[in-house]
Structure formats: C-alpha cells, structure tokens
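Protein chains in written order, with the working numbering: chain A, 224 to 503; chain B, 105 to 352. For glycine and all other residues, C-beta sits at the position ideal for the given N, C-alpha and C. Since we're looking at a predicted model, the values are computed, not measured.
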C-alpha cells in the first residue's frame with residue numbers, strides 16, 4: 224500500500240510535468256505554424272503597415288532593444304546598490320526587515336499597477352511624455368524588486384568566512400565588499416539581473432498603460448523619442464480581425480521568443496563560466 | 105618579560121547572554137598562550153575581542169579594557185588594530201584567488217608597492233613553511249592545495265601584513281594529524297618573532313605547544329598559569345576535572 228502511494232504520487236508529478244511541457248509545445252507549434260512563413264529579413268527590417276505584406280517589426284525591435292538598454296542602465300546600479308546596502312551595511316534591525324518584506328511584496332505587484340504609476344509619475348508628473356525614457360523608468364521600477372532580491376541572494380551566498388578573512392587582514396568594509404564579496408557574488412548577480420531584464424522585455428501591460436500603443440514608423444534616435452516595443456506590436460496585430468495580421472503576430476512572437484531564449488542562454492553561460500572557478 | 109596584551113575586567117555580551125565575565129589576563133610577548141575549555145565557554149569570544157572581530161556582530165558589546173602598548177584597543181581604529189593582530193581561523197579560508205594573490209592581498213591594501221610584493225610573498229610563504237611546496241605553482245588557485253597547505257597559506261597571508269600578535273582559533277580542528285603537527289612545529293618557530301594566542305579543543309595540543317594556558321568555563325577564566333603547572337598541578341578542581349576528561 225505504501226509503495227502504491229509512492230508510485231501514485233510519482234505518476235501524478237510526471238503527469239503535471241508532461242501537461243506543462245505539452246501546453247508549451249502546443250503554443251510553440253501554433254506560433255510556428257502560423258508565423259514561420261512570414262519570417263524574413265524584410266519582416267525584421269520593415270516598419271508596421273496597414274498592408275500585411277509590407278508590415279514588419281523594425282520599429283518594435285529597435286524600441287525593445289533601446290528599452291532594454293535604458294532599463295538595464297537605470298535598474299542595475301540602483302538594484303545592486305540597494306542589495307549591497309541591505310546585505311553588507313544595514314544592520315539586522317526591525318527597519319531593514321520591514322524594508323525587505325516590502326520589497327518582496329513589490330515583486331508580486333501586478334505589472335499594470337507599475338504602468339499606472341509610470342503614467343502618473345513619469346509621463347505626466349515629470350512631463351517626459353510617452354517617451355522611451357518614461358517607459359524605461361517604468362520598467363526599471365517593475366524589475367527593481369526582482370533585481371534587489373536576486374542580488375541579495377547572490378551576496379548572501381558568499382560565505383562569511385571570506386568576509387572574516389578579509390577583515391582580519393585589516394581591510395575596510397569597502398575593500399571587503401569590492402575585492403571579495405562582489406567578485407564572488409557577481410555570477411549570481413548577473414544571472415538574476417539578466418533574467419529580470421528578460422521579464423521586462425516580455426511585458427506589454429505597463430507599456431500599454433503609459434501609452435506606448437501607437438503607430439510608430441521610425442526607429443528612436445534618443446531616449447526622449449516616442450517608441451513601440453515587440454510585445455505591444457504583437458498585441459496590436461493580434462487585436463486586428465484580419466487573418467494575415469494574426470499570422471504577423473505569431474511571427475512577432477517567434478522573434479520575441481528567440482530574443483528571450485538568447486538572453487536567458489547568456490545568463491546560463493555566465494553562470495556556468497564562473498561557477499567553475501568558485502567552489503567553497 | 106613584557107606583556108603584549110593585557111585585559112582588565114573584560115566583560116562581553118551577545119544580546120543578553122553574558123559571554124565573558126571579568127577576564128583579567130596578561131598575554132606575554134613571544135610566548136604561546138593557549139586557551140582551553142569546553143564548547144561555549146567563551147574562548148573564541150575572548151580571542152575575537154583581541155582583534156575586535158566581534159564588532160561585526162550587531163548585538164555584541166564589551167566592557168572593560170584591552171591594553172596593547174598601554175592603549176585601549178577599543179578606542180583604536182579596528183582596521184589598524186587588525187593589521188597588528190592577525191588571525192587564523194578554524195576552517196582554512198583562502199580567497200578564491202591564486203596562491204600569490206592570497207598572500208599579496210594584505211600588504212597591497214596596506215600600501216606595499218607592487219615591485220616589493222614578490223619579496224613579501226616569498227618571505228611570508230617561507231615563514232609559513234610552505235614556500236618549497238608552492239614556489240612553482242604560485243599562480244594556481246588556492247583551492248588546489250590540500251587542507252593543511254591551505255591553512256599554512258592562511259598563516260602566510262596573516263604574516264604578510266607583519267602583525268605583532270597572531271590569534272589562532274582552533275587552527276587544526278579541520279586537519280589530519282600530519283598537517284596538525286606541521287602547524288604545531290610552525291607555531292613553535294613563529295613565537296621567536298610573534299606573540300601567539302591559540303584556542304584549542306585539543307588538550308594535548310595545548311600541552312605540547314603552549315607556554316601559558318588559560319582554562320575557561322562558562323564565560324569565566326577559572327585558572328591561568330604556566331602550561332606545565334596547569335597540566336601537572338592544577339589548583340582548581342574544575343580545571344583538573346576538565347584536563348583528565350571528567351567533562352567537556
């Protein structure tokens with residue numbers, strides 16, 4: 224009977240895994256089936272158009288790349304800095320605990336809420352308009368909690384014996400952090416940051432909220448230009464009735480997925496490269 | 105004989121736990137002072153007071169004085185203090201860098217010029233009796249070394265910043281007997297130039313290497329004297345009980 228229960232549980236878990244994999248495969252197949260024939264260099268290098276044969280994702284692709292770079296520039300220094308402060312400088316007081324709990328909660332706030340905040344604060348409040356920089360600031364807010372938490376975990380995984388060794392030689396706190404803690408935590412921090420950025424890359428809701436859902440037929444040339452991004456272009460096409468646009472949306476999904484997979488692969492490569500050098 | 109370190113009515117607390125109670129102790133220069141006692145008796149806390157390593161713990165606080173050259177170390181900059189009072193830990197903890205970088209790190213942060221580093225690294229590794237084993241592989245990662253070699257590397261690393269006192273916190277508890285005896289020989293050689301304090305669980309080790317022994321129990325220093333006297337004719341009943349193995 225006990226053996227049977229164990230077997231049944233194993234079977235249940237296996238089924239759960241298979242269902243998840245099956246659905247994913249189905250999704251991929253569907254996108255591939257509809258979109259693959261539309262994939263071409265012309266598709267990547269054309270602006271959106273109301274004629275499906277001429278439509279492409281040039282503005283969305285460049286918008287997404289710009290958005291990612293700006294978001295990274297804003298969120299990584301802030302997030303990693305906050306994580307270092309919380310782990311290395313702030314004592315274990317009640318206040319830091321409250322701050323940490325709140326950061327964890329922020330990580331669970333729906334992205335549309337960040338969109339509303341971005342609209343009020345950046346688009347209207349700071350009068351940045353519907354620009355790339357407003358979008359990047361909103362995205363940075365969205366992924367900041369994830370960056371802080373994953374960086375904190377990476378820093379915490381550095382054994383305290385290394386810190387002690389450094390202090391015992393007469394290092395200052397800054398020297399200890401700069402020479403020992405950060406280098407050891409870097410692979411973990413990078414992995415976490417890249418995964419957080421890839422989440423931002425796939426988000427549509429906050430961008431729709433701040434009004435990036437517009438017809439854009441040029442690539443941005445400064446952070447203050449209006450922009451569109453891949454998820455928004457996909458959303459735009461998918462919401463049109465014409466069958467060709469549905470297929471274009473699928474092709475856009477394929478490009479977005481390829482980008483995301485590439486970014487995640489970079490994260491894995493970084494982790495594997497550095498893990499070989501550091502073992503405690 | 106001169107005192108390297110003197111503690112006057114040293115009390116210490118972790119939060120509400122009274123970890124050290126009125127410790128008055130004189131650590132002689134160029135001698136090895138061993139601190140023995142059962143787990144939780146405060147011996148590690150005591151030596152971590154001597155280089156203010158406990159400062160890293162938020163709830164920790166002390167009262168009383170620790171004098172070094174007549175100055176209270178608690179009024180000094182802990183960074184400068186730790187240059188004078190080095191430490192070797194229980195588990196070998198080399199940096200995940202090359203053997204060379206492990207030794208060069210300390211002198212470098214204290215301002216030794218790059219061109220002088222080679223000499224410092226070589227002489228420190230020689231003092232730690234490790235030079236012959238590693239001279240051809242200075243650029244290898246320190247984790248490639250055996251546990252005993254890693255611990256001697258940690259000693260070399262501590263020596264490289266030219267401390268006056270070196271604290272050993274159970275330096276051999278993670279090592280095999282052969283590595284242990286190498287470290288003990290090394291300590292005996294080092295006391296010519298340095299003052300050593302060693303915390304140990306191993307009473308034979310205390311008897312073998314030290315000149316003075318202190319016995320700690322529940323945060324108090326029960327007895328302190330020449331090692332011979334402590335092990336042959338202890339004055340206190342609990343010291344004797346601990347040494348012959350009735351508890352601990």
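Can you tell me whether residue i is buried or exposed? The criterion is at least 16 other CB atoms within 10 Å of its CB, across all chains shown.
| i | result |
| --- | --- |
| residue 333 (chain B) | exposed |
| residue 296 (chain B) | exposed |
| residue 341 (chain A) | buried |
| residue 464 (chain A) | exposed |
| residue 245 (chain A) | exposed |
| residue 250 (chain B) | exposed |
| residue 492 (chain A) | exposed |
| residue 127 (chain B) | buried |
| residue 243 (chain B) | exposed |
| residue 106 (chain B) | exposed |
| residue 276 (chain B) | buried |
| residue 236 (chain A) | exposed |
| residue 315 (chain A) | exposed |
| residue 351 (chain B) | exposed |
| residue 220 (chain B) | exposed |
| residue 507 (chain A) | Because residue 507 (chain A) is not part of the residues shown, which for chain A are 224 to 503, the question remains open. |
| residue 363 (chain A) | buried |
| residue 149 (chain B) | buried |
| residue 210 (chain B) | buried |
Alpha carbon to alpha carbon, how far is residue j from residue i? Give it in angstroms, no decimals.
| i | j | result |
| --- | --- | --- |
| residue 163 (chain B) | residue 110 (chain B) | 24 Å |
| residue 327 (chain A) | residue 258 (chain B) | 39 Å |
| residue 251 (chain A) | residue 420 (chain A) | 22 Å |
| residue 157 (chain B) | residue 312 (chain A) | 16 Å |
| residue 145 (chain B) | residue 325 (chain B) | 9 Å |
| residue 247 (chain B) | residue 267 (chain A) | 49 Å |
| residue 496 (chain A) | residue 415 (chain A) | 15 Å |
| residue 319 (chain A) | residue 325 (chain A) | 10 Å |
| residue 289 (chain A) | residue 256 (chain B) | 52 Å |
| residue 235 (chain B) | residue 260 (chain B) | 10 Å |
| residue 317 (chain A) | residue 319 (chain B) | 38 Å |
| residue 461 (chain A) | residue 407 (chain A) | 45 Å |
| residue 204 (chain B) | residue 301 (chain B) | 26 Å |
| residue 321 (chain A) | residue 297 (chain A) | 24 Å |
| residue 371 (chain A) | residue 161 (chain B) | 23 Å |
| residue 123 (chain B) | residue 154 (chain B) | 15 Å |
| residue 221 (chain A) | residue 242 (chain A) | A question about residue 221 (chain A) goes unanswered here, because the residues of chain A that appear run from 224 up to 503. |
Let me check one thing: in DSSP terms, what residues is residue i bridge-paired to?
| i | result |
| --- | --- |
| residue 287 (chain A) | Beta-bridge pairing links residue 287 (chain A) to no other residue. |
| residue 320 (chain B) | B:325 |
| residue 273 (chain B) | B:303 |
| residue 454 (chain A) | Bridge partners of residue 454 (chain A): none, in fact. |
| residue 116 (chain B) | B:124, B:166 |
| residue 176 (chain B) | B:171 |
| residue 310 (chain A) | In the DSSP output, where bridge partners are listed per residue, residue 310 (chain A) has none listed. |
| residue 424 (chain A) | Paired residues: none, contrary to the question. |
| residue 202 (chain B) | B:245 |
| residue 354 (chain A) | A:449 |
| residue 396 (chain A) | Bridge partners of residue 396 (chain A): none, in fact. |
Could you tell me whether the Cβ atoms of residue i and residue j are closer together than 9 Å?
| i | j | result |
| --- | --- | --- |
| residue 270 (chain B) | residue 189 (chain B) | yes |
| residue 471 (chain A) | residue 300 (chain A) | no |
| residue 261 (chain A) | residue 485 (chain A) | no |
| residue 335 (chain A) | residue 456 (chain A) | no |
| residue 233 (chain B) | residue 293 (chain B) | yes |
| residue 108 (chain B) | residue 194 (chain B) | no |
| residue 439 (chain A) | residue 450 (chain A) | yes |
| residue 483 (chain A) | residue 255 (chain A) | no |
| residue 284 (chain B) | residue 252 (chain B) | yes |
| residue 274 (chain B) | residue 304 (chain B) | yes |
| residue 393 (chain A) | residue 183 (chain B) | yes |
| residue 377 (chain A) | residue 352 (chain A) | no |
| residue 284 (chain A) | residue 453 (chain A) | yes |
| residue 294 (chain A) | residue 343 (chain A) | no |
| residue 213 (chain B) | residue 398 (chain A) | yes |
| residue 306 (chain A) | residue 375 (chain A) | yes |
| residue 423 (chain A) | residue 286 (chain A) | no |
| residue 468 (chain A) | residue 278 (chain A) | yes |
| residue 129 (chain B) | residue 328 (chain B) | yes |
Measuring only between beta-carbons, confirm whether residue i sits less than 9 Å from chain E.
| i | result |
| --- | --- |
| residue 411 (chain A) | The structure shown has no chain E; the protein chains it does contain are A and B. |
**Study point:** Three or more C-beta pairs below 8 Å linking the segment 312–320 of chain B and the segment 132–146 of chain B
**Key:** Touching, per the Cβ criterion.
Check your understanding: How do the segment 248–268 of chain B and the segment 207–226 of chain B stand: do at least 3 beta-carbon pairs fall below 8 Å, yes or no?
Key -> Segments in contact, yes.
Review point. Does the segment 258–272 of chain A touch the segment 377–396 of chain A, meaning 3 or more C-beta pairs lie closer than 8 Å?
Key: Judged by Cβ distances under 8 Å, the segment 377–396 of chain A makes no contact with the segment 258–272 of chain A, as fewer than three pairs qualify.
Check your understanding: For the 8 Å Cβ check, are there 3 or more pairs between the segment 106–121 of chain B and the segment 165–181 of chain B?
Key -> Contact between the segment 106–121 of chain B and the segment 165–181 of chain B is present, because at least three Cβ pairs lie under 8 Å.
Review point. For the 8 Å Cβ check, are there 3 or more pairs between the segment 192–212 of chain B and the segment 385–400 of chain A?
Key: Contact between the segment 192–212 of chain B and the segment 385–400 of chain A is present, because at least three Cβ pairs lie under 8 Å.
Point to revise | Cβ contact check for the segment 391–411 of chain A and the segment 428–435 of chain A: 3 or more pairs under 8 Å | key: Judged by Cβ distances under 8 Å, the segment 391–411 of chain A makes no contact with the segment 428–435 of chain A, as fewer than three pairs qualify.
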